[in-house]
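**Q** This is the structure, below, for whatever I ask next.
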Amino acid sequence: MAKNLTTRSEDYSKWYNDLVIRADLAENSGVRGCMVIKPYGYAIWEKMQAELDRMFKETGHQNAYFPLFIPISYFSKEASHVDGFAKECAIVTHYRLKNADDGSGVVVDPEAKLEEELIVRPTSETIIWYTFRKWVQSYRDLPLLINQWANVVRWEMRPRLFLRTTEFLWQEGHTAHATKDEAIAEAELMLNIYTKFVEEFMAVPVIKGIKTDSERFAGALETYCIEALMQDGKALQAGTSHYLGQNFAKAFDVKFTDKEGKRDYVWATSWGVSTRLIGALIMTHSDDNGLVLPPKLAPDQVVIIPIYRNEEQLADVSKVAEQLMTELRSKGIRVKFDNRDTHKPGWKFNEYEFKGVPVRIAIGPKDVENGTVEIARRDTLTKELVPIEDAINKIVALMTEIQENLYNRAAQYRAENTTEVSGYEQFKKVLDTKGGFILAHWDGTNETEELIKNETKATIRCIPLDDENKPGSCMVTGKPSARKVLFAKAY
RNA sequence: CGGGAUGUGGCGCAGUCCGGUUAGCGUACACGGCUGGGGGCCGUGUGGUCGCAGGUUCAAAUCCUGUCAUCCCGACCA
């Protein structure tokens, strides 16, 4: 798989310049750390949105929309939450511009200073909990299962295209429950939905786990996450789901009356995935020829390219192509017939390879004569001549086959790049020479975690939720450890 | 905010050290012809106040000062 990609990926910017820009998904917008998502990139996001939205609704969630601006006073009600976000907020202080006295352009009108500053949401817990207070009185109002599709702004020091942009698109779910157990179950349910989406639709294998104290979401009691391994050996957090306990309910005074007539604070969760997932998709499957998209998310699953020398041949080829397109569409396959005469076939072959279209069909005069079509698959870069009557079944089968192949390939890569170590020296050596996921025992203290981070730049990605709870002793301190945890260098 | 680098047609770059004709190359774009089963070839053409503002000089993309922006490395992070 992607023989040169691993080395290329060590230089992150080159990787993106070569692949993302060439694949035409996004570009830097010129606004600090923000990006323009181009139509093809956005089409991928829309496919992701559609599938996630369906899964949310199937589990009883509803969409709503809350304001972009959050009064600073709301924001300061939950102490640990503000600690987590204070350093990366954009703040609105004025509401008007005026012409500069010296004619040099427009300046902020000092007269138009806001009484109370507004924060551009870095996440919406505060404004949503402010609102939830008005929506919840009785256990009959619960659970409240709300999702919002929105943009948020986090003024990070160091933005990275798709992975950490100043403004990004995401969905954020916010729920309120009558009991603690119900809230925990919700947080776990959403983690499972994310897992299902990322693995089944994106074909990206993930490890489910919980975050350590230091990596936990600001204001949460438990942060569940899914971690994926990119082709350059670095980990990427693909999604998080937080159990918030009663922290936000207490901060915003959201109480309800239960069946016995007792008043209590509600129990909460929040969960989100972002356009970072597009980055994960690219960085998991792409090769040196460009993007490789899983069929389930590809905006075009099949592209048909006609080959011809003159109008007459085009007419013959088009007849076969259009017939094929109609039949494929009736099977629910997204097909594009690219009969532009402004580009040559060779050009188109390359273009759709950059774009990662899973299956390419070429039809020329020879095929019309012989009753064949040429079918090429993006994941293996192989092509074969197939009798036209077998084409439909072949292509339908390829949709599943390519989807599975991508997942299996990524899973195999991850297996090959996951190492279990026992000692700290071995840990450092693996990290330096191989990278990837490393499983090792840890004594559970912040101090040890911090020490490892400072010395190696590796962090604990999560404490995995799988069944392998074999106790041992910490690789650094030798103190007892309940189980191995997952380390990696991360984006 | 610390360290490093870069700003030159739409995009990617050379030229800058050592100032000197009309600022050059690739690509893209437009037109014509040959082409067309993996980014084809030939020809013609459009497009640049060299990031911005000062300064030095007979002369500045090139030297000096200032300034702005972007990118990379670090602290921060979905």
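Quick note, the first sequence lines up with residues 298 to 788 if you use the working numbering. Where is the CB? At the ideal position from N, CA and C, for every residue including glycine. Just so we're clear, the structure is a prediction, and the values are computed from it rather than from any experiment.
1) Please check the pair Glu524 and His539, which I expect to be a contact at CB under 8 Å, by giving their CB distance rounded to whole angstroms.
2) Taking the continuous alpha helix (DSSP H) assigned at Lys652, which residues delimit it?
3) Can you tell me where the alpha helix (DSSP H) holding Trp739 begins and where it ends?
4) Which of the three DSSP states, helix, strand or coil, is assigned to Asn396?
5) Return helix, strand or coil for Glu746, following the three-state DSSP convention.
6) Going by DSSP in three states, Thr303 sits in which element: helix, strand or coil?
7) What first and last residue would you give for the beta strand (DSSP E) that runs through Pro336?
8) Is there contact here, the segment 536-550 with the segment 426-435, by at least three beta-carbon pairs under 8 Å?
9) Which residues in the same chain have their Cβ closer than 6 Å to the Cβ of His378, if we skip the five residues on either side of it in sequence?
10) For Ile318, I'd like the list of residues in its chain whose CB is within less than 7 Å of its CB, leaving aside the five on either flank, ordered along the chain.
11) Three Cβ pairs or more, each shorter than 8 Å: is that satisfied between the segment 660-673 and the segment 683-695?
12) CA-CA distance, Gly338 and Leu578?
13) Assuming Ala387 and Val433 form a contact by the criterion Cβ under 8 Å, report the distance between their Cβ atoms to the nearest whole angstrom.
14) What separation, rounded to the nearest whole angstrom, lies between the Cα atoms of Val665 and Arg606?
15) Contact defined as beta carbons within less than 8 Å: I believe Leu588 pairs with Gly653. What is the distance between those atoms, to the nearest angstrom?
16) Would Gly506 pass as a contact of Ile735 if the rule is Cβ separation under 7 Å?
17) Within the continuous alpha helix (DSSP H) that includes Ile685, where are the two ends?
18) What whole-angstrom Cβ distance do Ala785 and Arg758 have, given they're in contact under 8 Å?
19) Where does Leu533 land, buried or exposed, given buried means 16+ other C-beta within 10 angstroms?
20) Just curious, the alpha helix (DSSP H) that Thr730 is in, first and last residue?
21) So if DSSP puts Asn325 in a beta bridge, which residue, or which two residues, is it bridged to?
22) Would you check if the segment 456-465 and the segment 436-444 touch, i.e. whether three or more CB-CB distances between them fall below 8 Å?
23) What span of residues does the beta strand (DSSP E) with Lys508 cover, start to end?
24) In angstroms, rounded to a whole number, what distance separates the CA positions of Ala347 and Phe498?
25) With C-beta atoms as the reference, is Leu703 less than 7 Å away from Ala500?
26) On a CA-only basis, which of Ile504, Glu385 and Ala409 is nearest Leu394? Give me that one, please.
27) In angstroms with no decimal places, state the Cα-to-Cα distance between Leu594 and Lys477.
28) Using the beta-carbon count (16 or more within 10 Å), is Pro440 buried or exposed?
29) Since Asp584 sits in a beta bridge, which residues does DSSP pair it with?
30) Starting from Asn489, trace the alpha helix (DSSP H) in both directions and tell me its first and last residue.
31) Does DSSP classify Ala376 as helix, strand or coil?
32) Is it true that the CB of Gly720 sits closer than 7 Å to the CB of Met772?
33) Check Ile318 in the structure and name its three-state DSSP category.
34) Thinking Pro596 and Ile341 are a contact (beta carbons under 8 Å), I'd like their distance in whole angstroms, please.
35) Using only alpha-carbon positions, find the residue among Gly775, Asn766, Thr774 and Lys776 that is nearest to Leu783.
36) Counting only the same chain and skipping the five closest in sequence on each side, list residues whose C-beta sits under 6 Å from that of Ser326.
**A** Based on what the coordinates show:
1) The C-beta separation of Glu524 from His539 comes to about 15 Å, leaving the pair out of contact by the 8 Å criterion.
2) For Lys652, the enclosing alpha helix (DSSP H) starts and ends at Pro642 to Lys652.
3) If you look at Trp739, you'll find it isn't in any alpha helix (DSSP H); DSSP assigns it neither H nor E.
4) Strand at Asn396.
5) In the displayed model, Glu746 falls within a helix according to three-state DSSP.
6) For Thr303, the predicted structure reports a pLDDT of 31, less than 50, and the residue's modelled location is therefore unreliable. A value from the coordinates is still provided. It is helical.
7) Per DSSP, Pro336 lies in no beta strand (DSSP E) segment; the continuous alpha helix (DSSP H) that holds it begins and ends at Pro336 to Glu355.
8) The segment 536-550, when compared against the segment 426-435, does touch it at the 8 Å Cβ threshold.
9) Once the five neighbours on either side are set aside, the close Cβ partners of His378 are Ala515 and Gly516.
10) Annotation note: pLDDT 47 at Ile318 (below 50); position unreliable, no value reported.
11) The answer is yes - the segment 683-695 touches the segment 660-673, with three or more Cβ pairs under 8 Å.
12) Roughly 11 Å between the two C-alpha positions.
13) Cβ atoms of Ala387 and Val433 stay farther apart than 8 Å, at about 30 Å.
14) Answer to the nearest angstrom: the Cα atoms are 14 Å apart.
15) Contact holds; Cβ gap of about 3 Å.
16) At least 7 Å separates the beta-carbon of Gly506 from that of Ile735.
17) From DSSP, the alpha helix (DSSP H) with Ile685 extends over Ile685 to Glu713.
18) Contact flag correct, Cβ pair sits at about 5 Å.
19) With 16 or more Cβ atoms within 10 Å of its Cβ, Leu533 is classed as buried.
20) For Thr730, the uninterrupted alpha helix (DSSP H) segment begins and ends at Tyr721 to Thr730.
21) Residue pairing from DSSP places Asn325 in a beta bridge opposite Met332.
22) Flag = no, the segment 436-444 and the segment 456-465 do not touch.
23) It is not in any beta strand (DSSP E) - Lys508 carries neither H nor E in the DSSP assignment.
24) When the Cα atoms are used, Ala347 and Phe498 turn out to be separated by approximately 11 Å.
25) Pairing Leu703 with Ala500 gives a Cβ-Cβ distance under 7 Å.
26) The candidate whose alpha carbon is nearest that of Leu394 is Ala409.
27) Cα to Cα, Leu594 sits roughly 36 Å from Lys477.
28) Buried, because 16 or more other Cβ atoms sit within 10 Å of the Cβ of Pro440.
29) Answer is Gly587, bridged to Asp584.
30) In the DSSP assignment, Asn489 falls within the unbroken alpha helix (DSSP H) covering Lys477 to Lys493.
31) Annotated three-state conformation of Ala376 is helix, per DSSP.
32) Between Met772 and Gly720, the C-beta gap is smaller than 7 Å, which places the two residues in contact.
33) Residue placement at Ile318 is poorly supported in this model, since its pLDDT is 47, which falls under 50; the coordinates still yield a value, given next. Correct three-state label for Ile318: helix.
34) Between Pro596 and Ile341 the beta-carbon gap is near 6 Å, inside 8 Å, which marks them as a contact.
35) Looking from the CA of Leu783, the closest CA among Gly775, Asn766, Thr774 and Lys776 belongs to Asn766.
36) Answer for Ser326: Met332 and Val333, listed in chain order.
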